[in-house]
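Residue numbers (the UniProt record's numbering): 397 to 688. Just so it is clear, CB atoms sit at the ideal spot from N, CA and C, and this is done for glycine as well. Below you'll find the structure, written out as structure tokens, and then a few comments.
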Ligand code: ADP
Ligand code: MG
């Protein structure tokens, strides 16, 4: 490939809403056979809304929402923003006295003198606040509806479940069809629960799902696929995707995502539209064959 022809390729990329870090990026794009897609914010809009509040027997729904909302107000996670906004709509929220983010698991802190914990049920279990029959059932029902559900506990007891809903981007299914036409196998990768992930995957036509992956383990998934001899592209938007984006043979970030993800990637989809990823692969292959 001559540098001149590659420059034509990167120029066309800009017109398509693709920002390419360097001309050499196009070379690796040609050999890609697998495309790993982060769920939240990549395949879905990542703009979540509070959909449901459930209190355990003898607990108060309003209090579950108020304490969880106050704590989540200190977090930037899409789930946290939805819960905080939903709670703020019902009244002023107290400011947590102490706050800690447990990456990929949840949050905890002190609100109004209560030690509050919000996150995966497994996190509450670890903190000796297992969900009772009623909350486990609520959790399952929310997930069957494709919602992301988190558990709320304080002062040593699980007290409620909150469900948030996300929506699949209208362009994601078309993008997945294009990936297949280009001979790429799509895989959905997420920290979220398997039931929710499979519902999203089915919506957009993906059959391979890798769920409940901790942020620090996403990079291991990429390495495992590479060890199988696959040449892997990864598309993501979050802080938790950065290491995987850097490790992938081709890292693609959403222009609507975090700076950390954009910096770790080789290529940025400016409009946050997954179809641009297919355009990028098509462009790279065309650019490189014309100049052979
Ligand atoms: P994804 O891979 O879809 O971007 P994350 O790795 O960020 O998801 O989060 C994985 C899971 O951890 C969430 O589905 C949720 O159960 C839990 N979690 C993470 N952050 C929070 C938070 N701030 N509040 C509640 N739950 C959280
Ligand atoms: Mg994400």
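Exercise for review: Look at residue 512 and residue 464 and say whether their C-beta atoms are less than 9 Å apart.
Suggested key: yes
Check your understanding: At which residues does the beta strand (DSSP E) containing residue 561 begin and terminate?
Key -> 553-561
Check your understanding: So which of 627, 632, 515, 651 has the shortest CA-CA distance to residue 425?
Key -> 627
Point to revise | Classification of residue 471 by the beta-carbon crowding that lies within 10 angstroms, buried from 16 upward | key: buried
Point to revise | Close beta carbons around residue 521, own chain, < 7 Å, minus the five adjacent residues each side | key: none
Check your understanding: Using the rule of at least 16 other Cβ atoms within 10 Å of the residue's Cβ for burial, across every protein chain shown, is residue 612 buried or exposed?
Key -> exposed
**Study point:** alpha helix (DSSP H) runs wholly inside the stretch 472-524, at least 4 long, in chain order
**Key:** 474-484, 517-522
**Study point:** Close Cβ partners of residue 574 (< 6 Å) along its chain, the five nearest in sequence each way excluded
**Key:** 674
Exercise for review: Return yes when the C-beta of residue 540 is under 8 Å from any heavy atom of the ligand ADP, and no when it is not.
Suggested key: no
Review point. Are the Cβ atoms of residue 633 and residue 429 separated by less than 9 Å?
Key: no
Point to revise | Three-state secondary structure assigned by DSSP to residue 412 | key: coil
Exercise for review: Write down the C-beta distance between residue 542 and residue 605 rounded to the nearest angstrom, noting that I regard them as a contact closer than 8 Å.
Suggested key: Actually they do not touch by this definition, with Cβ atoms about 13 Å apart.
Check your understanding: Cα separation between residue 556 and residue 458?
Key -> 10 Å
Review point. Applying the criterion that 16 or more other CB atoms from any shown protein chain within 10 Å of the CB defines a buried residue, is residue 688 buried or exposed?
Key: The predicted model places residue 688 with a pLDDT of 48, which falls under 50 and marks its position as unreliable, so this point remains unresolved.
**Study point:** Beta-bridge pairing of residue 548 - partner residues as DSSP gives them
**Key:** 514, 556
**Study point:** Cβ neighbour criterion (16 or more within 10 Å) applied to residue 486
**Key:** exposed
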